[in-house]
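Reading through the structure tokens given below for one structure.
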Amino acid sequence: MLVQGQIRQLDPAKRLAVIGLEDGREVSVAFPPKANIEVREPSTLGTMGGTLEDLRVGYWVNVEIHEHAHNACSCSSLVCIS
1 MLVQGQIRQL DPAKRLAVIG LEDGREVSVA FPPKANIEVR EPSTLGTMGG TLEDLRVGYW
61 VNVEIHEHAH NACSCSSLVC IS
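Position one of the sequence shown corresponds to residue 1 (the working numbering), numbered consecutively onward.
Below you can see the structure in the form of structure tokens.
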């Protein structure tokens, strides 16, 4: 499921984030080691490959979320849009 939201909490060491969705819900996600992270490239205003350490609380993102058993979610792709 592709959703848009804002990073509310971020723990790069544990590879976890909380994303606030536009409808007011919050989703906790885990990032597998091969998750695709793309951040803004300032000179072209496009995106470039990044890491969880490049992200900040408050960034707006498009996130590909996959639901698993026991209400767990993982993120295979995150693209910064702000």
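Glycine is no exception: its CB is placed at the ideal position from the N, C-alpha and C atoms. Computed from a predicted structure; not experimentally measured.
- prompt: Does the Cβ-Cβ distance between Ser82 and Ala35 come in under 8 Å?
  reply: no
message: Using a 10 Å radius around the Cβ and a threshold of 16 neighbouring Cβ atoms, would you call Ala17 buried or exposed?
response: Flag for Ala17 reads buried.
query: For the beta strand (DSSP E) that contains Ser28, what are its first and last residues?
result: 26 to 30
query: CA-CA distance, Ile7 and Val61?
result: The straight-line gap from Cα to Cα measures roughly 7 Å.
task: Starting from Gly5, follow the beta strand (DSSP E) in both directions and report where the run begins and ends.
output: 2 to 11
query: With 16 as the cutoff for other CB atoms within 10 Å, does Gly49 come out buried or exposed?
result: exposed
- request: Would you mind giving the Cβ-Cβ distance between Ser28 and Cys73, rounded to the nearest angstrom? I have them listed as a contact below 8 Å.
  value: 7 Å
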